[in-house]
Amino acid sequence: MPNTFFSTERSAIPLATKEYRGRFAPSPSGLLHFGSLIAALASYLDAKHHHGKWLVRIEDIDPPREKIGASQAILTTLEAFGLHWDEQVLYQSQQTQRYNQVLYDLATQKLTYHCQCTRAQIKADGGIYQGRCKTLNLPKQNNAIRLINHFGINQFNDLIQGSVTCDQALAQEDFILKRKDGLFAYQLAVVVDDIFQDINHVIRGCDLLEPTARQLSFFATLKQTPPQYGHIPVASSAQGFKLSKQNKAQAIDNNHPQPALIAALVFLGQATEKEMINASIEEIINWAIKHWQRDKIPKTTEIVIA
Ligand SMILES: [Zn+2]
701 MPNTFFSTER SAIPLATKEY RGRFAPSPSG LLHFGSLIAA LASYLDAKHH HGKWLVRIED
761 IDPPREKIGA SQAILTTLEA FGLHWDEQVL YQSQQTQRYN QVLYDLATQK LTYHCQCTRA
821 QIKADGGIYQ GRCKTLNLPK QNNAIRLINH FGINQFNDLI QGSVTCDQAL AQEDFILKRK
881 DGLFAYQLAV VVDDIFQDIN HVIRGCDLLE PTARQLSFFA TLKQTPPQYG HIPVASSAQG
941 FKLSKQNKAQ AIDNNHPQPA LIAALVFLGQ ATEKEMINAS IEEIINWAIK HWQRDKIPKT
1001 TEIVIA
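In my numbering, the protein residues as written are 701 to 1006.
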């Protein structure tokens, strides 16, 4: 196979003068809830305020966790909230060939190895993978693929949170690119797709702060320019749980989206007006694009909501 991925010609235009390209990338493990609406809205408004493109990518690489019909339901909700995407929706389940090509290229350059370790073994080693299988030359069958992490980046400047430092041991770990069960790992898919879609701005929740360090190391391994990242606070319930599909946070109402949309703007520290509740979704969104202020987003990783 030719080494197509690494040799892809990148534009020589500096990032600042390139068109803004952002994205929202939900996984179809459930319906869109208030927490994911905030992430969708923030990434949309930031892109549109900067006259950019906003893409949607469905991260459906984990079939066992997928809920039937969730992809379509998520897209329907985005439309109901006036969040209309540019270009075609990208489904990660259709990117298999691309992911395998990258794994092949990395293996050719001896930047990966196979690992047989179980979760229990890694836990016994202190919870951080110590490279136990690095020199064992294990076969592909029934083993995971790990990246030889030469970069171990653990610090970056976040558009919202400022300077972020992640756990160094975790950032230096040889992380998994393909799982033992044959499923592609999130880190592989997300970076390959951000490169493929030419994404240069990623606005998402603070639950993805730590993975950002790994993604930056992976971008460096692939000799590609990473996007600029901005992490918004995650919404958690009064009980201290992150609002997510797992704890069955209330689904939002497509037929009456105004209250949730206004609540999401308030959560993001944006100005709102009383009359908004009677305005159309289009009017609210257009107003919010015009008045979007990234620096008003709270610089905290979590906000407890009622
Ligand atoms: Zn191992």
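Heads up, the beta-carbon is just placed ideally off N, CA and C, and yes, glycines get one too.
Q. So which residues touch the region around ligand 1, with touch meaning a C-beta under 6 Å from any heavy atom?
A. C815, Q816, C817, R832 and C833
Q) CB-CB under 6 Å to W992, same chain, minus the five flanking residues each way: which ones, in chain order? A) L745 and H749
**Q.** Inter-stretch contact at 8 Å, needing at least 3 Cβ pairs: the segment 875-895 / the segment 799-817
**A.** yes
Q.
Quick check on K999: does DSSP put it in helix, strand or coil?
A. coil
Q.
Only counting the same chain, and skipping five residues up and downstream in sequence, which positions put a Cβ closer than 6 Å to that of A971?
A. H991
**Q.** Where the alpha helix (DSSP H) through L965 begins and ends
**A.** Q958 to F967
Q: Keeping to the same chain, check which residues put their C-beta closer than 7 Å to that of L870; ignore five residues upstream and five downstream.
A: I828 and E910
Q: Note down, in chain order, each residue of its chain lying with its Cβ closer than 6 Å to the Cβ of Q958, except the 5 sequence neighbours on either side.
A: I977
Q.
Determine whether the beta carbon atoms of W785 and L737 lie at a separation below 8 Å.
A. no
Q. For N917 versus N849, is the C-beta distance shorter than 8 Å?
A. It should be noted that the sequence gives Ser, not Asn, for residue 917. In contact: S917 and N849 (Cβ atoms closer than 8 Å).
**Q.** Spatial distance of V934 from L968 (CA atoms)
**A.** 10 Å
**Q.** Bridge-paired residues (DSSP) for C817
**A.** DSSP lists no partner for C817.
(Q) Please identify the residue among E1002, A740 and D762 whose C-alpha is closest to the C-alpha of S937. (A) E1002
Q: Under 6 Å Cβ to Cβ from L859, same chain only, skipping five residues before and after it: list those, please.
A: Q928 and G930
Q. Which one of D907, F919 and A885 has the shortest CA to CA distance from N900?
A. F919
Q.
Using 8 Å as the threshold, is the C-beta distance between I952 and T776 below it?
A. no
Q | Exposure of H733, with buried meaning 16 or more beta-carbon neighbours within 10 Å | A | buried
Q) How do the segment 719-730 and the segment 766-775 stand: do at least 3 beta-carbon pairs fall below 8 Å, yes or no? A) yes
Q: Could you tell me if N854 is buried or exposed, where buried requires 16 or more neighbouring beta carbons within 10 angstroms of its beta carbon?
A: buried
Q) In the structure shown, what three-state DSSP assignment does V890 receive? A) helix
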